[in-house]
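For reference, the structure is listed below as structure tokens.
Numbering (my numbering), first residue to last: 65 to 416.
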């Protein structure tokens with residue numbers, strides 16, 4: 065039986081474009097023109113996935129996500145214009161249970177085919193998520209405000225030298241996990257944490273700023289020649305690969321790499337892992353592969369394991385999408401396979 069998608073958008077053109085894309089790969093389609101209509105249909109019928117526009121008349125997409133996830137949890141993929149303004153709302157939607165987001169077909173890039181391929185890939189992945197795996201994080205404003213108000217301890221890092229490094233790769237389902245990591249670490253965590261989360265260029269700065277405002281540690285978007293230092297999380301910049309360069313003094317810098325090989329995901333987890341394997345001593349690396357579509361990071365994780373790194377993949381029991389971590393396990397790249405709560409414990413333990 066074909067899987068059913070509810071396409072929610074006030075634009076007839078976008079509904080037509082999305083419908084054409086998804087019908088072409090075998091989905092059955094239904095449509096809604098605003099958030100209220102989406103709620104009514106979602107409660108009456110069973111859908112495998114809902115695509116949700118953000119700005120609509122009658123009721124907006126964020127309000128619709130809140131209501132649907134409260135009353136009938138269903139995999140929801142936000143369809144965003146990928147503007148700075150939409151970024152904040154999209155992150156809120158992820159907080160309320162949406163599983164991923166995509167750009168509107170053909171509106172962000174002239175590469176309409178690539179845009180369409182990404183949309184299809186993400187909708188197909190979302191359709192496979194068991195509904196009992198859908199989670200709504202209950203992080204109240206009070207909690208965030210309390211975290212933000214706590215004074216951040218200044219850690220003096222001698223000569224910018226780092227003994228060890230934590231590397232994390234994730235995709236669909238990852239933002240909430242990265243937030244959990246960032247908000248769980250103490251301000252005096254002794255090592256840098258470098259993160260590649262698959263996101264477009266317009267989103268990674270917002271993501272880093274959001275995490276920085278609610279965490280004890282400093283969180284920044286990667287910049288060329290950034291120095292790795294303790295207690296700092298660096299989020300890979302959308303549109304560039306996050307690479308490393310070690311000076312004769314031992315100081316390690318971030319290098320933003322162009323997408324010369326036309327990787328599908330930019331930044332790429334594999335690119336970060338392979339670069340780390342040639343920069344750090346393997347025994348000084350904790351490398352983690354979290355939830356996500358596809359296999360990005362698996363080969364790089366294997367390379368790090370060969371160099372003696374502690375390599376961990378998220379287990380199927382907690383991964384929203386058991387793609388990237390599954391491939392890592394299957395090719396023998398993992399020292400451990402753990403649920404997310406145990407991975408968080410490993411990161412804290414690594415810093416002791």
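Don't be surprised by glycine CBs; every beta carbon is placed ideally from N, CA and C.
Inter-residue Cα distance where the pair is residue 372 and residue 331: 24 Å
Local Cβ density within 10 Å of residue 347, reported as buried at 16 or more and exposed below that: exposed
Residue 360, buried or exposed, once every other Cβ within 10 Å from all chains shown has been counted against 16: buried
Endpoints, the beta strand (DSSP E) within which residue 95 is located: 92–96
Residues near residue 246 by beta carbon distance below 7 Å, same chain, minus five either side: 275, 279, 281, 283, 297
For residue 262 and residue 71, the rounded distance between their alpha carbons: 23 Å
Residue 344 - DSSP class collapsed to helix/strand/coil: coil
Residue from 189, 356, 313 whose Cα sits closest to the Cα of residue 236: 356
Residue 220 versus residue 294: straight-line alpha-carbon distance, rounded: Interpretation of residue 220 is limited by its pLDDT of 43, a score under 50 that renders its predicted location unreliable; no figure is taken from the coordinates.
Own chain residues within Cβ distance below 6 Å of residue 268, not counting five before or after: 285, 299, 301, 302
Outcome for residue 339 when other beta-carbon atoms lying within 10 angstroms are tallied against a minimum of 16: buried
Selection from 111, 130, 231 that minimises the alpha carbon distance to residue 118: 130
C-alpha gap between residue 183 and residue 277, whole angstroms: 31 Å
Residue interval of the beta strand (DSSP E) (run including residue 167): 164–167
Whole-angstrom distance between residue 388 and residue 97, CA atom to CA atom: 34 Å
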